[in-house]
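J.:
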Amino acid sequence: MVELRIAVAVVTMGNRPAEVDALLESVAKQDLAPARIVIVGNGCRLPEFTSRLSLPGEVTTIEVEENLGCPGGRNTALARLREYGDVDVVVELDDDGLLVDADVLRRVRDLYAAEPRLGIVGFRIADERGETQQRHVPRVGRSDPMRGGYVAGFLGGGHALRMAMLAETGDWPARFFFAHEETDLAWRAVDAGWKIRYTPELLLQHPKTSPARHAIYYRVNARNRVWLVRRRLPLPLVPVHLGVWVLLTLARTRSVAGLKAWFGGFAEGLREPAGERRPMRWRTVWRLTRLGRPPVI
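Structure, rendered in structure tokens:
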């Protein structure tokens, strides 16, 4: 059996040099050395990382002139890895995350080696106290963050992607910039017959945050949700999904300014081109439902 080759990709805007250094140190301590490491400066000059000298494998740095957002920056890393042509699985990590355990990459390799149709592996995200926010558990409702298994989605902060899957599904939706890009990729993966596994034993330590900390959160969240369903859902489910989320947003959002921005983004999503339309098959709708996440929630 040919041993799978693992790469690590990190996208940063250059404003967290200490955190990136700590993350790279945790990569250097892994008991399985990655074949390649790609660091993308997303609209910034990359600082000198003191940890770089201790990193195993081939280290590639890329600086892009403009901030391409989370999905665009990750696509830049994927494009370079694809040029090299010698990587089977890429582990993508948030630049302020930390691999606490030294066996994460080895566990990732073993999971993929054991299951040829495993496309995505999602990590557990927990803060310094070991607590996982409920929004970081890829299941509906209040689910136990330590319960692993097959799921319908994954977290962008820490995950692994099989390159063969990406060759079939395509890369991240770059136009999304931020928000719902994981769902777009997950739906494409499930529709193509790939599996997504949530593995809580794979821990990425990450500071406790709220997505609303981003100034563009409400607008982009709404715009991308409309784009997502326009691109991926069968037509009868589009108004159902959007109607559910209008009601949920009205119930959850306490900020008038936030609601105004959200509905502005919603209108933008209806008005602006959403990109390719490749709706999932109805059997995929059923599969997502059986996995606990019907695509109207």
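Quick note: the sequence shown uses this note's numbering, first residue 905, plus one each step. C-beta: ideal position from N, C-alpha, C; glycine also.
(1) Of the choices 1144, 1126, 1082, whose alpha-carbon is the least far from that of residue 1173?
(2) Check whether the Cβ atoms of residue 1138 and residue 1186 sit closer than 8 Å, and answer yes or no.
(3) Beta-carbon separation of residue 1129 and residue 1084 under 8 Å?
(4) Please give the ranges of any beta strand (DSSP E) in the stretch 1080-1124, keeping only runs that are unbroken, at least 3 residues long and fully inside the region.
(5) Below 7 Å CB to CB, which residues in the same chain sit around residue 1036 once its five sequence neighbours on both sides are set aside?
(6) Under the assumption that residue 1055 contacts residue 1026 (Cβ atoms under 8 Å), give the Cβ distance between them as a whole number of angstroms.
(7) Starting from residue 996, trace the beta strand (DSSP E) both ways and give me its first and last residue.
(8) Given this structure, state the Cα-to-Cα distance separating residue 922 from residue 938, to the nearest angstrom.
(9) Based on DSSP bridge pairs, tell me the residues matched to residue 971.
(10) The alpha helix (DSSP H) spanning residue 1188 covers which residue range?
(11) Return the residue from the list 1157, 984, 1024 that minimises the CA-CA distance to residue 966.
(12) Do residue 1013 and residue 941 count as a contact pair if the criterion is CB distance below 8 Å?
(13) Measure the alpha-carbon distance for residue 1011 versus residue 1133 and round it to whole angstroms.
(14) Enumerate in chain order the residues of its own chain whose CB-to-CB distance from residue 1148 is below 8 Å, with the five nearest sequence positions on each side excluded.
(15) Going by the DSSP bridge assignment, what does residue 1002 pair with across the sheet?
(16) If you check the beta carbons only, do residue 1043 and residue 1196 fall under 8 Å apart?
(17) Taking 8 Å as the limit between beta carbons, can you name the residues of its chain near residue 949, skipping five residues before and five after?
(18) Starting from the C-beta of residue 912, find all residues in its chain whose C-beta is less than 7 Å away, skip the five residues before and the five after it, and write them out in chain order.
(19) Terminal residues of the continuous beta strand (DSSP E) containing residue 916?
(20) One question on the structure: do residue 915 and residue 999 come within less than 8 Å of each other, judged by their Cβ atoms?
(21) Quick one: residues in its chain with C-beta nearer than 8 Å to the C-beta of residue 991, no 5 flanking neighbours on either side, listed in chain order?
(22) Who does residue 945 pair with in a DSSP beta bridge?
(23) Which class does residue 937 belong to by DSSP, given the choice of helix, strand or coil?
(24) Quick one: what's got a C-beta closer than 6 Å to residue 976's C-beta in the same chain, skipping five residues either side?
(25) Along the chain, where does the beta strand (DSSP E) containing residue 1026 start, and where does it finish?
(26) Hey, residue 1003 and residue 1108: beta-carbon distance below 8 Å or not?
(27) Identify whether residue 1132 lies in helix, strand or coil by the three-state DSSP scheme.
(28) From 1053, 1131, 1122, pick the residue whose C-alpha is nearest to that of residue 1102; which is it?
(29) Out of curiosity, what's the CA-to-CA distance linking residue 955 and residue 944?
(30) Which residues does DSSP pair with residue 988 in a beta bridge?
T.: So, from the data block:
(1) Translated into positions along the sequence shown, residue 1173 becomes position 269. Cα-wise, what sits closest to residue 1173 is 1126.
(2) In the sequence shown, residue 1138 corresponds to position 234, counting from 1. In the sequence shown, residue 1186 corresponds to position 282, counting from 1. Against a cut-off of 8 Å, the Cβ pair of residue 1186 and residue 1138 comes out as a contact.
(3) The residue given as residue 1129 occupies position 225 in the sequence shown. The residue given as residue 1084 occupies position 180 in the sequence shown. Their beta carbons are under 8 Å apart, which means residue 1129 touches residue 1084 by this criterion.
(4) 1099-1109
(5) The count along the sequence shown starts at 1 and reaches residue 1036 at position 132. If you ignore the 5 residues before and after residue 1036, its C-beta comes within less than 7 Å of the C-beta of 1028, 1029, 1030, 1049, all in its own chain and listed in chain order.
(6) What you label residue 1055 is simply residue 151 of the sequence shown in a count that begins at 1. What you label residue 1026 is simply residue 122 of the sequence shown in a count that begins at 1. Going by Cβ atoms, the distance from residue 1055 to residue 1026 rounds to 7 Å, so yes, they are a contact pair.
(7) Position 92 of the sequence shown, counting from 1, holds the residue named residue 996. Start and end: 993-998.
(8) In the sequence shown, counting from the first residue as 1, residue 922 sits at position 18. In the sequence shown, counting from the first residue as 1, residue 938 sits at position 34. Here the alpha carbons of residue 938 and residue 922 stand approximately 21 Å from one another.
(9) Mapped onto the sequence shown, residue 971 falls at position 67. BP columns for residue 971 are empty, so no partner.
(10) On the sequence shown, residue 1188 is found 284 positions in, with the first residue counted as 1. Segment 1186-1194, the alpha helix (DSSP H) holding residue 1188.
(11) Taking the first residue of the sequence shown as 1, we reach residue 966 at position 62. Among 1157, 984, 1024, the Cα nearest to that of residue 966 is on 984.
(12) As a position in the sequence shown, residue 941 is number 37, starting the count at 1. As a position in the sequence shown, residue 1013 is number 109, starting the count at 1. Against a cut-off of 8 Å, the Cβ pair of residue 1013 and residue 941 comes out as no contact.
(13) Position 107 of the sequence shown, counted from the start, is the residue given in the question as residue 1011. Position 229 of the sequence shown, counted from the start, is the residue given in the question as residue 1133. Cα-Cα distance, rounded: 34 Å.
(14) For this step, residue 1148 is matched to residue 244 along the sequence shown. Counting only Cβ-Cβ distances below 8 Å, and skipping sequence neighbours, we find 1200, 1201.
(15) Working through the sequence shown from its first residue, we reach residue 1002 at position 98. Residue 1002 is bridged to 1109.
(16) Reading the sequence shown from its first residue, position 139 is the one you call residue 1043. Reading the sequence shown from its first residue, position 292 is the one you call residue 1196. Yes, these two residues count as a Cβ contact at 8 Å.
(17) Position 45 of the sequence shown, counting from 1, holds the residue named residue 949. Around residue 949: 918, 967.
(18) Mapped onto the sequence shown, residue 912 falls at position 8. Taken in chain order, the residues that qualify are 931, 938, 941, 995, 997.
(19) Here residue 916 refers to the residue found at position 12 of the sequence shown. Residue 916 -> beta strand (DSSP E) spans 910-916.
(20) As a working mapping, residue 915 is identified with position 11 in the sequence shown. As a working mapping, residue 999 is identified with position 95 in the sequence shown. Yes, these two residues count as a Cβ contact at 8 Å.
(21) Working through the sequence shown from its first residue, we reach residue 991 at position 87. The residues are 909, 910, 911, 939, 940, 985, 1067.
(22) Counting from 1 along the sequence shown, the entry for residue 945 is found at position 41. Looking at the DSSP assignment, residue 945 forms a beta bridge with 916, 967.
(23) Position 33 of the sequence shown, counted from the first residue, corresponds to residue 937. If DSSP states are grouped into helix, strand and coil, residue 937 belongs with coil.
(24) Here residue 976 corresponds to residue number 72 of the sequence shown, with the count starting at 1. If we look at residue 976 and ignore the five residues flanking it on each side, its Cβ neighbours are 1078.
(25) Indexing the sequence shown from 1 puts residue 1026 at position 122. Its beta strand (DSSP E) spans residues 1022-1030.
(26) Within the sequence shown, numbered from 1, the residue matching residue 1003 stands at position 99. Within the sequence shown, numbered from 1, the residue matching residue 1108 stands at position 204. Yes, the pair counts as a contact, with Cβ atoms nearer than the cut-off.
(27) Against the sequence shown, residue 1132 aligns to sequence position 228. Looking at residue 1132 - three-state DSSP - the assignment turns out to be helix.
(28) For the purposes of this step, residue 1102 is taken as the residue at position 198 of the sequence shown. Among 1053, 1131, 1122, the Cα nearest to that of residue 1102 is on 1053.
(29) For the purposes of this step, residue 955 is taken as the residue at position 51 of the sequence shown. For the purposes of this step, residue 944 is taken as the residue at position 40 of the sequence shown. Approximately 16 Å between the Cα atoms of the pair.
(30) Translated into the one-based positions of the sequence shown, residue 988 becomes position 84. Paired residue(s): none; residue 988 is not in a bridge.
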